[in-house]
Amino acid sequence: MKFITLLASFVLILFALSSQPLLGAVEGSLEQKSVTSIYTDLNIMFLACNITCPHHSTMWKIDNFNVSKGHGLVTTGGGVGNSGKETIGNWFNIVKYDGAYNYKIAYCLSMCPSCKHECKNVGMVMDQNGNQCLALSDVPFQFRFFKA
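What follows is the structure, given as structure tokens:
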């Protein structure tokens, strides 16, 4: 299993609100030898960010958020592997986007063609309290990979 590290400002949103730029490490289970292996169903997790609650999974998953607006919130608590209908919310794709070095994360899975799910980008949305969150969105949050 190979892991990727991202420099991503959205890691701030899920850790703490801060005006200072932070480096955030995110793991993904890319099976290939390079980050150019995109469009592959994968799990994404935060690296060791939950020291106060070590038994809680840092694996990303989609939860219901604002169904009326079509948003599914990206939260933690997902499971690793075991692709199928019961884990459909735990899988994402990294997709090349708008330029040679830009990428986005999408929720559009190839592993379960019989599962009914809407293909959407992961982007920034505002919740009912005005906080920015990662959620399914029409507008993607773009990022770049940096060598760790």
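According to mature numbering (1 follows the signal peptide of the UniProt record, and there is no 0), the sequence shown holds residues -18 to -1, 1 to 130 in order. We put the beta carbon where it would ideally sit given N, CA and C, even for glycine. Note that the structure is predicted; figures quoted are calculated from it, not measured.
Apart from the 5 residues on each side of it in sequence, Gly66 sits with its Cβ closer than 7 Å to the Cβ of Cys94 in its chain, given in chain order.
Comparing alpha-carbon positions, the option among Thr58, Pro122, His99 and Trp42 lying closest to Lys86 turns out to be Pro122.
C-alpha of His99 to C-alpha of Gly71: approximately 9 Å in a straight line. Between Tyr89 and Ile44, the CB-CB gap stays under 8 Å. Taking a contact as a CB-CB distance under 8 Å, the pair Asn75 and Asp23 counts as one, their CB atoms being some 6 Å apart. For Lys102, the secondary structure class from DSSP, reduced to helix, strand or coil, is strand. Taken atom to atom, the span from the alpha-carbon of Gln114 to that of Phe125 is near 17 Å.
Between Gly60 and Met41, the CB-CB gap stays under 8 Å.
A straight-line Cα-Cα distance of about 32 Å links Ser92 and Gln110. When rounded, the separation of the alpha-carbon atoms in Phe127 and Leu118 is 21 Å. Of the candidates Thr69, Asn64, Glu68 and Val56, Val56 places its Cα closest to the Cα of Val107.
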